[in-house]
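Shown next, in structure tokens, is the structure this report addresses.
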Amino acid sequence: MSLLKEAEPGREMEAKVQTWAQSLVYTLEELECKICYNRYDTRSRKPKVLGCLHRVCAKCLKKMVDMGESSPSVISCPFCRHETNVPDEEVWLMEDDRHILGVLSWQDRARRGGGGGGGGGGGREVVLNPSSLT
Ligand SMILES: [Zn+2]
Ligand SMILES: [Zn+2]
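In terms of my numbering, the sequence shown is residues 6 to 139.
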């Protein structure tokens with residue numbers, strides 16, 4: 006099984022050889038859940054990482070358990086069926102994707118700060134400039 010195949014077909018090779026800077030670049034598609042197509046957020050729809058490194062939002066994980074599609078103690082990945090143990094049968098306790106959370110909170114801050122970026126449009130990519138993180 007190859008990981009992340011669905012997510013970024015053309016990109017994964019590139020990402021592997023790129024420097025750290027590449028890891029700070031996320032397309033908008035990577036910032037949304039591939040199940041519900043909603044954007045991750047830093048509250049109820051946190052990006053959760055499964056053991057196979059696939060990402061699903063916390064709401065979808067919860068729904069899978071509620072609908073009986075997945076056991077509450079072991080989540081079966083909707084993409085590759087890899088099974089991941091759930092701590093205390095509580096999907097909220099599963100590991101967050103810190104990188105995505107970082108991008109989201111950075112975006113929230115940038116938006117709240119007003120000023121720049123008001124012109125909309127722009128590229129489809131979210132680029133984090135390390136100097137703006139300090
Ligand atoms: Zn979702
Ligand atoms: Zn998976």
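Cβ atoms here follow ideal geometry from the backbone N, Cα and C, with glycine treated the same way.
Cutoff 8 Å; reference Glu37; Cβ partners in own chain excluding five residues on either side: By 1-based counting over the sequence shown, the position of residue 37 is 32. Asn43, Arg44 and Tyr45, listed in sequence order.
Would you list, in sequence order, the uninterrupted beta strand (DSSP E) runs of no fewer than 3 residues that lie entirely inside the segment 77-115? 79-81 and 88-90
Leu66: CB within 8 Å of a non-hydrogen atom of ligand 2: As a first step, residue 66 must be located in the sequence shown, where it is residue number 61. No - ligand 2 has no heavy atom lying nearer than 8 Å to the Cβ of Leu66.
Do you know whose CA, among Tyr31, His59 and Val91, lies nearest Ile40's CA? Here residue 40 is taken as the residue at index 35 of the sequence shown, counted from 1. For the residues Tyr31, His59 and Val91, the minimum Cα distance to Ile40 belongs to His59.
With 16 other Cβ atoms within 10 Å as the buried cut-off, status of Met72: On the sequence shown, position 67 is the one that residue 72 refers to. It is exposed - the Cβ of Met72 has fewer than 16 other Cβ atoms within 10 Å.
Where do the N-terminal and C-terminal ends of the beta strand (DSSP E) with Cys53 fall, by residue? Mapped onto the sequence shown, residue 53 falls at position 48. Note that residue 53 is Lys in the sequence shown, not Cys. Unbroken beta strand (DSSP E) run through Lys53: Pro52 to Val54.
Out of Arg116, Met99, Ile105 and Ala115, point me to the one whose CA is closest to Thr32's CA. Counting from 1 along the sequence shown, the entry for residue 32 is found at position 27. Cα-wise, what sits closest to Thr32 is Ile105.
Following the continuous beta strand (DSSP E) through Cys62, name the residue where it begins and the one where it ends. One-based indexing of the sequence shown puts residue 62 at position 57. Arg60 to Cys62 is the span of the beta strand (DSSP E), which, as asked, contains Cys62.
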